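Participant: Going by our numbering, the first residue of the sequence shown is number 151, and it counts up by one from there.
Glycine included, C-beta positions come from ideal geometry on N, C-alpha and C.
A quick note: this is a predicted structure, and the numbers were derived from the prediction, not measured.
Before we start, here is the structure in question, set down as structure tokens.
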Amino acid sequence: MNFELEYLWNLCTQQSARQQNNKQKQSLIKELIAESERLKKVYLFFSPYQEVSLASFIRFQQHSLARLLSAVETGFEFPKSLQADHQQLMAELQLPGMLDELLDFINYNFPLEFDFNAAISATCLLKEQKSQQAVAELIDKKLEEKQISLQLRNIILDAVNLSDRADFTYGDLRYIHSISDQILSKLDNLDSEHAIVNLLSAHNFNKPQFFEYLKVRMQADLESAPEISEKYKALLIIKKETGQSVSRQTSQYTLLHPPLAESILGYLESERLFLKEMELITTEWVNSGVLDANYKVSLTVRQLAFYIYLNIECGIITEQRAKKIHQYAVTHIDTQEKSGISEKSFKNAYYLHHAEDIKKVMDKLAKMLAIARERY
């Protein structure tokens, strides 16, 4: 199968390396174009036979062209005397562009046989970066209008304009074209940063910087939960949302890193194990007396309930779920009457206030106010 490229290889590496005048160069360019057109016909009309399938033939031609393009780009096949000037020579003969166009031809006409895991050439990368620049500028403008954070904008733009790395494959290019089209077509209807994050997650956007961005958001959700039980609840919610919104499709931003859902679930599992360890340590401290689970107050149950009621009304305690407040009080506070409070007695006192209890709490608050005035 290699004989199909033998003449092209000779034109690219031997004849093009000779010292030639402008007329000879133009003649060589015509030969290169003619050979390129001949090869396209060979590819289109290739008939598989017993030992060689269409997929084998196409992939062999693809990888052979890629090796030839690499040799042309680096000047590896040129005599040492000409290697210093080979970039100018290749530009004059338009060799890199012609070979890259042949690879694009195979990609377009044989998508099922083409090897999308193959690395793209430097010529292809430069071409794609120029092509994606206008797309990136349009996306950036729309993201800025929607007041999307600079961090997320930079993450998206670095991906769209192929500026964050150099080791792209044809599969990566296909994904970047697809995600760019998705963003442009849906961006007008996305009204928040959260909606854009969901769009990227739904398309398995496993760019490492995007995953780090998501980790910060998840950490903020977990840290906002005051109790370990609430943190567990937040973990379960994030895990459920991940299962519903994060795609498990095989196409992704890069094959060098795990799928996005796998990375998120791995992070959530590590956080769950950490919470489990913290819960175990806290329990051991309480049981050993290092950390006292309860504390004692000089108020009765009814006075304590009214005092907590005032804290909520004034906005000092921001928790609005009465049941949770009741459970915390009976679990962690001992009154002057006895150790341990029944949830029923605290609940009754929380909603039904007695004059003598109100007066007692007012006396305590007046004393607190007097101390504050002394310090002011």
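Can you grab the Cα-Cα spacing for the pair residue 327 / residue 374, in whole Å?
Facilitator: Locating residue 327 in the sequence shown gives position 177, counting from the first residue. Locating residue 374 in the sequence shown gives position 224, counting from the first residue. Near 38 Å, if we compare the C-alpha coordinates of residue 374 and residue 327.
Participant: Please name the residue or residues paired with residue 484 in a DSSP beta bridge.
Facilitator: Stepping through the sequence shown from its first residue, residue 484 is reached at position 334. Per DSSP, 446.
Participant: Rounded to the nearest angstrom, what separates residue 441 and residue 499 at their Cα positions?
Facilitator: Counting from one through the sequence shown, the residue named residue 441 turns up at place 291. Counting from one through the sequence shown, the residue named residue 499 turns up at place 349. Low per-residue confidence applies at residue 441: pLDDT is 46, beneath 50, and the placement is therefore not dependable enough to give any value.
Participant: If we require 3 or more residues per run, which beta strand (DSSP E) segments fall completely within the region 345-425?
Facilitator: Correct list: empty.
Participant: Mapping the DSSP letters down to three states, classify residue 468 as helix, strand or coil.
Facilitator: Walking along the sequence shown from the start, residue 468 turns up at place 318. The answer is coil: DSSP assigns residue 468 none of H, G, I, E or B.
Participant: Return the CA-CA distance between residue 265 and residue 159, expressed in angstroms with no decimal places.
Facilitator: Walking along the sequence shown from the start, residue 265 turns up at place 115. Walking along the sequence shown from the start, residue 159 turns up at place 9. One C-alpha to the other measures close to 21 Å.
Participant: Does the count of Cβ pairs from the region 331-345 and the region 274-282 closer than 8 Å reach three?
Facilitator: With the cut-off at 8 Å, the region 331-345 and the region 274-282 do not touch.
Participant: Starting from residue 273, follow the alpha helix (DSSP H) in both directions and report where the run begins and ends.
Facilitator: In the sequence shown, counting from the first residue as 1, residue 273 sits at position 123. Residue 273 -> alpha helix (DSSP H) spans 272-295.
Participant: Keeping to the same chain, check which residues put their C-beta closer than 8 Å to that of residue 415; ignore five residues upstream and five downstream.
Facilitator: Your numbering for residue 415 matches position 265 in the sequence shown. So the list reads 389 and 392, once near-sequence residues are dropped.
Participant: Looking at C-beta atoms only, is the number of pairs between the region 395-410 and the region 448-465 that lie closer than 8 Å three or more?
Facilitator: No contact exists between the region 395-410 and the region 448-465.
Participant: Any chance the region 347-357 sits against the region 329-339, with 3 or more Cβ pairs inside 8 Å?
Facilitator: In short, these stretches touch, since the Cβ pair count reaches three.
Participant: Spell out a yes or no on whether the region 243-260 and the region 297-312 are touching, meaning 3 or more CB-CB pairs, one atom from each, closer than 8 Å.
Facilitator: Segments in contact, no.
Participant: CB residue 173 to CB residue 243, shorter than 9 Å?
Facilitator: Along the sequence shown, read from residue 1 onward, the residue named residue 173 stands at position 23. Along the sequence shown, read from residue 1 onward, the residue named residue 243 stands at position 93. The answer is no: Cβ separation not under 9 Å.
Participant: Residues in the same chain with beta-carbon distance under 7 Å from residue 220, minus the five sequence neighbours each way, listed in chain order, please.
Facilitator: For the purposes of this step, residue 220 is taken as residue 70 along the sequence shown, with counting starting at 1. Counting only Cβ-Cβ distances below 7 Å, and skipping sequence neighbours, we find 271.
Participant: Tell me, please, which residues DSSP counts as bridged to residue 269.
Facilitator: Residue mapping note: residue 269 aligns to position 119 of the sequence shown, counting from 1. According to DSSP, residue 269 bridges with 319.
Participant: Would residue 526 be called buried (16 or more neighbouring beta carbons within 10 Å of its own) or exposed?
Facilitator: Mapped onto the sequence shown, residue 526 falls at position 376. So residue 526 counts as exposed.
Participant: Find out if the Cβ-Cβ distance for the pair residue 401, residue 324 is shorter than 9 Å.
Facilitator: In the sequence shown, counting from the first residue as 1, residue 401 sits at position 251. In the sequence shown, counting from the first residue as 1, residue 324 sits at position 174. Yes; because the gap between Cβ atoms is below 9 Å, this pair is in contact.
Participant: To the nearest angstrom, how far is the alpha carbon of residue 254 from that of residue 396?
Facilitator: If you number the sequence shown from 1, residue 254 lands on position 104. If you number the sequence shown from 1, residue 396 lands on position 246. If I take the Cα positions, the gap works out to 32 Å.
Participant: Once DSSP output is grouped into helix, strand and coil, what is the label at residue 258?
Facilitator: Residue numbering aside, residue 258 sits at position 108 when the sequence shown is read from its first letter. Helix.
Participant: Mind checking residue 282: buried by the 16 CB within 10 Å criterion, or exposed?
Facilitator: Here residue 282 corresponds to residue number 132 of the sequence shown, with the count starting at 1. Its Cβ being crowded by 16 or more others within 10 Å, residue 282 is buried.
Participant: Alpha carbon to alpha carbon, how far is residue 456 from residue 514? Give it in angstroms, no decimals.
Facilitator: Looking up residue 514 in the sequence shown gives position 364. Looking up residue 456 in the sequence shown gives position 306. Cα-Cα distance, rounded: 12 Å.
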